[in-house]
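Going left to right, the sequence shown walks through residues 4 to 255 as this note's numbering numbers them.
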Amino acid sequence: MLGFDLTYFEAKYQVSEAVCQVIGPVTPQGFADYCPRFVQGTFTTIEILVLCCLIGLIIAVPMALARVSSNRLFSVPAYIYIYVFRGTPLLVQLFLFYYGLGQFEVFRESFLWPYLRDSWWMGIIVLSINTSAYVAEILRGGIVSVPQGQIEAGRAAGMSGSLLYRRIILPQAFRIAWPAYGNEVILMLKASALTSTITVMDLMGQTRTIFSRSYDLEIFGYAAVLYFAMAFILTYLFRITERYLNRHMAYR
4 MLGFDLTYFE AKYQVSEAVC QVIGPVTPQG FADYCPRFVQ GTFTTIEILV LCCLIGLIIA
64 VPMALARVSS NRLFSVPAYI YIYVFRGTPL LVQLFLFYYG LGQFEVFRES FLWPYLRDSW
124 WMGIIVLSIN TSAYVAEILR GGIVSVPQGQ IEAGRAAGMS GSLLYRRIIL PQAFRIAWPA
184 YGNEVILMLK ASALTSTITV MDLMGQTRTI FSRSYDLEIF GYAAVLYFAM AFILTYLFRI
244 TERYLNRHMA YR
């Protein structure tokens, strides 16, 4: 694992250097001086965002299904999970998990402790849990928005409950929820900056390190531009995907 980490970080450093050789000459001097750090931080932010959104979505789907279930054995725990993680600040969650779990011996002796004590993995875990609560509620809204007539038609065609969800309910729920999910992804992009408070060297972490050495407030402006660029690209990609998902509506 250590060998893989070293190889990975070395590869990321080399890519950052290559990128900076291309963009360095056309960027302001203040940015060019710290370009490798900015690029590495941007890569780390993208890694965190992709992993958190993927893991969060995997958790959110069963949570959303449990939330709309008529069985209180499933719906009540899902409601509590969603309510707790939506109702508490993400920064508090980060601190409680990162600094709090180590207080319990059961976690320190667990085989997961090498990951739980690592700030990068803990950031991934907490952000994934947090976004899963929001996405679960977004999907729940999409599920209840599916026209009842289509559900009844599926039942009349002899579809089982699981087949009904796979063929009719979930595909439409995802299409309905897609714009709101896009907003959540962009919010997670910005929220990922909080991981710098637990020593993760994402874009904000690198920016704070640079500022602590240079005391140049302009550094935060460069970070803001990079965040804006990532948000702009994400917005564009989600709009294209939304247009594709709703392409059948263009003929109505």
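Where is the CB? At the ideal position from N, CA and C, for every residue including glycine.
A quick note: this is a predicted structure, and the numbers were derived from the prediction, not measured.
8 Å Cβ shell around residue i - same chain, five flanking residues per side excluded
i	result
Glu20	Pro39
Own chain partners of residue i with C-beta closer than 7 Å, once the 5 adjacent residues on each side are dropped
i	result
Arg143	Ala67, Arg70 and Val71
Met207	Ala196, Ser199 and Ala226
Glu1	Outside the shown range of the chain, which is 4 to 255, sits residue 1, and nothing can be said about it.
Leu5	Below a pLDDT of 50, predicted positions are generally treated as unreliable, and Leu5, at 47, falls in that range; no measurement from the model is reported.
Three-way DSSP call (helix, strand, coil) for residue i in this model
i	result
Asn249	coil
Phe114	coil
Phe107	coil
Thr30	coil
Met220	According to the sequence as given, residue 220 is Leu; it is not Met. In this structure, Leu220 counts as coil in the three-state DSSP scheme.
Pro65	helix
Arg242	helix
Supposed close pair residue i, residue j - CB separation, criterion 8 Å
i	j	result
Phe177	Gly145	7 Å
Leu237	Leu167	The Cβ separation is near 32 Å, so there is no contact.
Val138	Leu60	6 Å
Thr91	Asp205	Not quite, the Cβ-Cβ distance comes to about 22 Å (not below 8 Å), so this is no contact.
Cβ-based neighbour list, residue i, same chain, cut-off 6 Å, excluding 5 preceding and 5 following
i	result
Ala81	Met66, Ala69 and Arg70
Tyr11	none
Cys56	Val188
Trp123	Val203
Buried/exposed call for residue i, threshold 16 Cβ in 10 Å
i	result
Ala156	exposed
Gln209	buried
Phe7	Bear in mind that a pLDDT of 49 at Phe7, under 50, signals an unreliable position, so the model cannot answer this.
Cutoff 8 Å: residue i Cβ touching any chain C Cβ
i	result
Arg216	In the structure shown, chain C does not exist; there is a single protein chain.
Continuous alpha helix (DSSP H) assignments of at least 4 residues falling wholly in the stretch 157 to 193: 164 to 167
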